[in-house]
Every structure is written in C-alpha cells, then in structure tokens.
Amino acid sequence: EAQVTQNPRYLITVTGKKLTVTCSQNMNHEYMSWYRQDPGLGLRQIYYSMNVEVTDKGDVPEGYKVSRKEKRNFPLILESPSPNQTSLYFCASSLGRGWPNSNQPQHFGDGTRLSIL
Amino acid sequence: AQSVAQPEDQVNVAEGNPLTVKCTYSVSGNPYLFWYVQYPNRGLQFLLKYITGDNLVKGSYGFEAEFNKSQTSFHLKKPSALVSDSALYFCAVRDRSGGGADGLTFGKGTHLIIQP
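These protein sequence lines map, in sequence, to chains G and Y.
6 is the number of the first residue of the first sequence in my numbering; add one for each residue after it.
611 is the number of the first residue of the second sequence in my numbering; add one for each residue after it.
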C-alpha cells in the first residue's frame with residue numbers, strides 16, 4: 006500500500022530536549038515536505054526537499070532542521086524544542102517531476118501531535 | 611505572492627441538501643487548484659484538482675468544484691450531503707510558474723458539519 010508513515014504519532018516532552026520525528030514514504034517520490042497545522046492558521050510549510058541531499062526552507066523554518074540522506078526518509082529535527090512548537094505536524098510527498106511545475110497532488114502522513122511543556 | 615482565502619470557518623448543512631465550501635485565490639500567473647479533506651486524527655487526503663480545460667472538475671466521494679477565473683474562485687460542491695462528509699476541508703493553490711517555497715499555499719480550512 007502506498008503510504009507516508011510518520012513516527013511517533015503523539016509525543017509529550019519538555020523544553021530543550023532534542024527530538025526527531027521520522028517520515029518515510031514507499032512511493033519513490035522525489036519531493037518531500039514538512040508542515041505544521043495550527044488552529045486558524047491552516048498548514049504552513051516548514052522545510053521541503055526536492056531530492057536526496059537537496060533541502061530548502063519553507064515559510065516557518067525557525068527552530069527546525071531536516072535531512073534527506075535517502076530518497077524515502079525525511080526526518081524533522083527539533084534541536085531545542087520550545088512551547089511555541091507545540092503543534093500538529095504533517096509530512097507529505099509527491100512525484101516532483103518537473104517541480105515546481107508539477108500538478109501532482111501531495112500524499113500526507115497521518116500526523117504527529119507534539120506537546121512541548 | 612500567492613494566497614488562498616476560505617471565508618467560512620464552518621459550514622452547516624442538513625443531510626441530503628446540496629453543499630458548497632467556498633475558496634478564492636490570488637496568484638500572479640495561472641493556477642493549479644486543489645481540494646483536500648482531513649478526517650479526525652488523519653492526514654490530508656486529495657479530493658480533486660483543476661489543471662486546465664473544463665471548469666467543472668469531478669473528484670472523489672461525489673465532490674466537484676467549479677473554477678471561475680473572473681471571480682478567482684474554486685468552490686467545492688456536492689449535490690447531496692452525507693453525514694460522513696463531515697470533516698475539515700482545505701483549498702490549495704499553486705502558481706504554474708512555481709513561485710514560493712514549493713508553490714503550494716493552503717487556506718485555513720473550513721469545518722463542514724452535516725446534520726442528520
């Protein structure tokens with residue numbers, strides 16, 4: 006089954022304790038992206054990757070890091086989490102051919118709810 | 611810069627009635643337009659997209675959307691609502707020239723509530 010898998014689904018942690026949210030896709034997609042979803046703000050892009058070893062900032066990258074060492078994996082790293090990073094996070098992927106001109110939809114994971122105390 | 615507006619935070623419709631979820635957009639060039647649906651505790655699922663051609667686009671679960679270039683709108687519609695349609699709906703736009711981080715901008719979402 007084609008899917009984007011995020012782990013963990015839920016995490017409660019404390020300020021300053023480094024954490025990583027993993028994302029893996031099995032569709033051989035070139036393009037992967039991280040979003041955060043907050044009430045009244047919709048989805049905002051954090052980082053994206055157009056291919057292996059190619060990453061770039063989205064609209065709200067502060068406080069986050071990413072890496073793309075393999076095509077299927079795109080982990081999101083919070084080096085020193087703070088309470089304002091409490092949010093619902095989504096990883097997404099798409100074919101990415103001819104990106105950014107592709108009209109292909111993105112496939113989303115089921116989300117990771119992070120609470121930073 | 612590109613943007614999407616979903617003017618209604620919530621839309622309430624009786625089961626069996628037609629529904630409309632509104633979306634307007636702003637891009638510098640020509641748009642690709644998308645609708646996604648989010649059920650509780652799930653990620654966004656693709657419903658339909660407008661690329662070019664026929665202004666009426668049909669998608670999953672009986673939904674359709676009408677592209678109106680003069681009004682810069684892409685409203686989501688369904689002739690007869692089901693209780694199971696209750697969810698959070700997102701409109702998204704991408705400038706065909708690919709501006710922005712990945713060219714895809716989402717609206718803030720509209721809660722659709724279908725009452726039995």
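The beta carbon of each residue, even a glycine, is placed where N, CA and C say it ideally should be.
query                                                                                                                                                                          : result
Kindly provide the ranges of any beta strand (DSSP E) runs that are 3 or more residues long and lie completely inside the segment 28-67 of chain G, ordered along the chain.   : 36-43, 47-56, 59-62
Using only alpha-carbon positions, find the residue among G:D43, G:N12, G:S38 that is nearest to G:V26.                                                                        : G:N12
Quick one, which residues of the segment 107-120 of chain G are near chain Y if we go by CB-CB under 8 Å, in chain order?                                                      : N108, P110, Q111, H112, F113, G114, D115, G116
Against chain Y, with Cβ distances strictly below 7 Å, would G:F79 count as a contact?                                                                                         : no
Taking the DSSP output, what are the residues bridged to Y:A615?                                                                                                               : Y:T634
List the residues of chain G that Y:G653 touches, going by C-beta distances under 9 Å, in chain order.                                                                         : V9, Q11, F95, C96, A97, H112, F113, G114, D115, G116
Give a yes or no on whether 7 Å exceeds the smallest Cβ distance from Y:G663 to chain G.                                                                                       : no
So, helix, strand or coil for G:Y15, using DSSP?                                                                                                                               : strand
Could you tell me the distance, in whole angstroms, from the CA atom of G:Q90 to the CA atom of G:T10?                                                                         : 21 Å
Around the Cβ of Y:G653, are there at least 16 other Cβ atoms within 10 angstroms (buried) or fewer (exposed)?                                                                 : buried
Looking at chain Y, which residues of the segment 32-55 of chain G have a Cβ within less than 7 Å of any of its Cβ atoms?                                                      : S38, G45, L46, G47, L48, Q50, Y53
Alpha carbon to alpha carbon, how far is Y:Y660 from G:T20?                                                                                                                    : 43 Å
Taking G:Y52 as the reference, give the member of G:A7, G:H112, G:M32, G:Y94 with the closest Cα.                                                                              : G:Y94
When you compare only the Cα positions, how much space is there between Y:S638 and G:K22?                                                                                      : 42 Å
Taking all protein chains shown into account, do 16 or more other C-beta atoms lie within 10 angstroms of the C-beta of Y:L657, making it buried, or fewer, making it exposed? : buried
Where do the ends of the beta strand (DSSP E) carrying Y:F716 lie?                                                                                                             : 714-716
So, does the segment 72-82 of chain G touch the segment 622-631 of chain Y, judging by three or more C-beta pairs under 8 Å?                                                   : no
In three-state terms, what does DSSP make of Y:E625?                                                                                                                           : coil
Tell me which residues share the same chain as G:G68 and place their Cβ nearer than 7 Å to its Cβ, disregarding the 5 neighbours each side in the sequence.                    : L83, S87, Q90
Find the residues of chain G that neighbour Y:G719, judging by a C-beta separation of less than 7 Å, and give them in chain order.                                             : G47
Roughly how many angstroms lie between the CA atoms of G:P105 and Y:S683, to the nearest whole one?                                                                            : In this predicted model, G:P105 has a pLDDT of only 48, less than 50, meaning its place in the structure is not dependable enough to derive any value.
The beta strand (DSSP E) with Y:I723 in it runs from where to where?                                                                                                           : 720-725
For chain G, find out if any of its Cβ atoms is closer than 7 Å to the Cβ of Y:V642; answer yes or no.                                                                         : The sequence shown places Tyr at residue 642 of chain Y, rather than the Val named in the question. Chain G contact via Cβ: present.
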